[in-house]
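Okay, so here's the structure we're looking at.
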Amino acid sequence: MHETTRPEPSRLYRWMVLVFLSLAMFGSYYAYDALGPLADVLKQQLSFSDKNIGLLQAMYSLPNSFFTVLLGGFIIDRLGLRKSLMIFGTLSLIGPAIRASSGLLPVMATGQLIFGMGAESLNVAVTAALARWFKGKELSFAFGINLTLCRLGSFAALNSPTWARAAYANWRWPFLITVGLSVFCVVGAIVYWLMEAQAEKNYHLGETSTDKVVFGDLFNFGQSYWYIVALCITFYSAIFPFQTFAVKFFIEAHGTSREFGGFLSSMLTLFAMIATPLFGLLVDRVGKRALLMMFGSLLLIPVYLMMAYTHVNLYVPMALMGVAFSLIPAVMWPSVAYIVDQSKLGTAYGLMTMIQNIGLFGFNLLIGWANDYSHAGAHNPAGYHLGMWIFSILGLSGLTFAFLLRQRELGPHGHGLETITTAKHSS
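This is the structure in C-alpha cells:
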C-alpha cells in the first residue's frame with residue numbers, strides 16, 4: 032500500500048501508546064524519588080552522612096550533564112525509537128537493581144549513575160515518540176497527560192512510607208519495591224515496540240524528531256534565553272535538592288513521622304499535577320510571562336526560612352512552594368519557544384536541560400556538605416539553617432534573573448513574552 036494512502040492510527044490507538052509510554056516513565060519517576068523518604072534510614076542503618084546521601088542523588092544528574100543531551104538524540108536517530116526505548120528502559124531497571132544490591136556507597140552510586148543515563152534518555156525518547164504520534168493533533172494536551180501520569184510515580188514514591196510502612200524497617204526493602212516498579216520501564220518499552228511495529232505495517236505515522244545539540248547555535252541565543260536558563264538552574268536547584276533531604280529534615284527538625292514527612296514532600300508533585308496545566312492556560316490568556324516567573328521566584332524566598340526559624344504549620348510553606356513549582360515550569364519552558372528560532376529549539380531545550388542537571392549535581396553535593404558541616408540532625412535541628420539559607424538565596428537569585436528578563440523583554444529587544452496572548456498570537 033502506498034504511504035500516503037495509508038490511514039492514520041485511530042485516536043484510541045494513539046492514547047493507548049501514550050499510556051504505555053507514560054507507564055515506562057512512571058517507573059523511572061518512582062525510582063528517582065524513592066531515595067528521599069529513605070535518607071534517615073540510610074543514616075541509621077548504613078551510617079551514611081548527608082554528604083553521602085547528597086552524592087548518591089547527585090550521581091543521577093552527573094551523566095545528564097553530558098551524556099543525555101549529546102548522545103540521547105544521536106542514539107534515537109541511529110537506532111530508531113523502539114530500540115532506543117528498550118535500551119534506556121533496561122538501563123532504568125538495571126540501575127535501581129544495582130542500587131538495591133549492596134549497602135556500599137560506591138556500588139549504590141554506580142547503580143544511580145546507570146539509572147541516570149537510562150532515565151533521562153528515556154524522557155528524551157518518550158518526548159520524541161509523543162511528537163511522532165501526536166504532532167498536528169492534541170500534542171500539548173498529550174504532553175500534559177503524560178506528565179501527570181509520570182508524576183504519579185513521584186507521588187507514589189514519596190508516600191511509600193504510608194502504603195509500604197513495614198518496608199522501612201530495612202533500607203533494602205523500599206529499594207526492592209523500586210526495582211519491582213522499575214520493571215514498568217521495560218514493560219512500557221516492549222509494548223511500545225509491538226504497537227509501533229504493528230502501526231508501521233498498517234498506518235501512516237509521523238517522522239521521528241529529537242532534541243539535538245548543535246554547538247554552532249549555542250552562541251546565537253540572545254540575552255533573554257540566558258536569563259531563562261539562569262532562572263531554570265536556580266529554581267530547580269532550590270526544589271529537587273531540597274526534596275532529597277526534605278523527609279529527613281521534617282523528621283529531625285520538626286518531629287514529624289516519616290509518613291507525614293513523605294506526604295509533605297509529595298505536596299509539590301500533587302500541586303504540579305493539578306495546577307501546571309491551569310497556569311499554562313492562564314499565561315496563554317494574560318501573557319506577562321516574566322512577571323509570573325518573578326512572582327513564582329518570590330514565593331520561594333521565604334518558605335525555607337519559615338521552615339527553619341518558625342513553627343508555622345508546614346502545610347503553609349509547602350503549599351507556597353507547590354504553587355511556585357506549578358507556576359514557573361508552566362511559564363518557563365514554553366517561553367523558550369518565543370525567544371529561540373524553531374529550527375534551533377531542540378538545541379535550546381537540550382542545552383537548558385544539560386545546565387539544569389549540572390546545577391542539580393552541584394547543589395545536591397553542596398547541601399549534603401552544608402548539613403554535615405553544621406552537624407544537622409535530630410540533636411541539632413539548627414544545623415539545617417545553613418542549607419535553608421542556600422535555598423533562599425537561590426530563590427532570590429531566581430527573582431533577580433526573572434526581573435532582568437522582564438526588563439529586557441519590555442525594552443526594544445523584547446520577544447513579546449509580556450504581551451503575546453493566545454488571542455493576539457492566533458490572529
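So the sequence shown is numbered by this note's numbering: it starts at 32 and just counts up by one.
Just so it is clear, CB atoms sit at the ideal spot from N, CA and C, and this is done for glycine as well.
Residues of the same chain with a CB within less than 7 Å of the CB of ASP403, apart from the 5 flanking positions on each side, are SER80, ASP81 and LYS82 in chain order. The beta carbon of PHE57 is closer than 7 Å to those of LEU180, CYS181, LEU183, GLY184 and PHE215 in its chain, skipping five residues each way along the sequence.
In the assembly as shown, ALA228 is an exposed residue. Its beta-carbon has fewer than 16 other beta-carbons within 10 Å.
Annotated three-state conformation of GLY253 is coil, per DSSP.
If the five residues before and after GLY429 are omitted, its C-beta is found closer than 6 Å to the C-beta atoms of LEU262, THR265, PHE266 and SER328, all from its own chain and listed in chain order. As the crow flies, the alpha-carbon of ARG203 is around 48 Å from that of ARG437. Under a 10 Å Cβ-count criterion, SER366 is classified as buried, with 16 or more other Cβ atoms of the shown protein chains found around its own Cβ.
Taking the Cα of LYS166 as reference, the smallest distance to any Cα among GLY414, HIS235 and MET338 is reached at HIS235. With a cutoff of 8 Å on beta-carbon distance, ILE145 and GLY120 are scored as not near each other. Taking ARG320 as reference, the option from PHE273, TYR335, ARG42 and PRO360 with the minimal CA-CA separation is PRO360. Close CB contacts of THR307 within its chain, under the 6 Å cut and outside five residues either way in sequence, are with SER357 and ALA361 (chain order). Looking only at ILE389, TRP224, PHE276 and GLY219, the smallest Cα-Cα distance to LEU124 is reached by GLY219. When rounded, the separation of the alpha-carbon atoms in LEU93 and ILE389 is 7 Å. By the criterion of a C-beta distance shorter than 6 Å, ILE118 is surrounded by no residue of its chain, once the five residues flanking it on both sides are discounted. The residue from THR452, HIS406, GLN254 and LEU161 with its alpha-carbon nearest to that of ASP315 is THR452. Counting only residues of its own chain and dropping the five nearest sequence neighbours on each side, GLN274 has a CB closer than 6 Å to the CB of GLY67 and SER296.
At least 8 Å separates the beta-carbon of ALA284 from that of TYR199. DSSP, reduced to helix, strand and coil, places ASN201 outside both helices and strands of the structure shown, so it counts as coil. Between ALA156 and LEU102 the beta-carbon gap is near 12 Å, outside 8 Å, which marks them as no contact.
Here ASP372 is exposed: its Cβ has fewer than 16 other Cβ atoms, across all protein chains shown, within 10 Å. When DSSP states are grouped into helix, strand and coil, GLY408 belongs to the strand group. If you draw a straight line from the Cα of PHE310 to the Cα of SER41, it comes to about 30 Å. With fewer than 16 other beta carbons inside 10 angstroms of its own, TYR340 counts as exposed. Shortest Cα-Cα distance from PHE51 to any of ALA140, VAL217 and ALA197 involves VAL217.
Between the C-alpha atoms of PHE97 and LEU153 there is a straight-line separation of about 15 Å.
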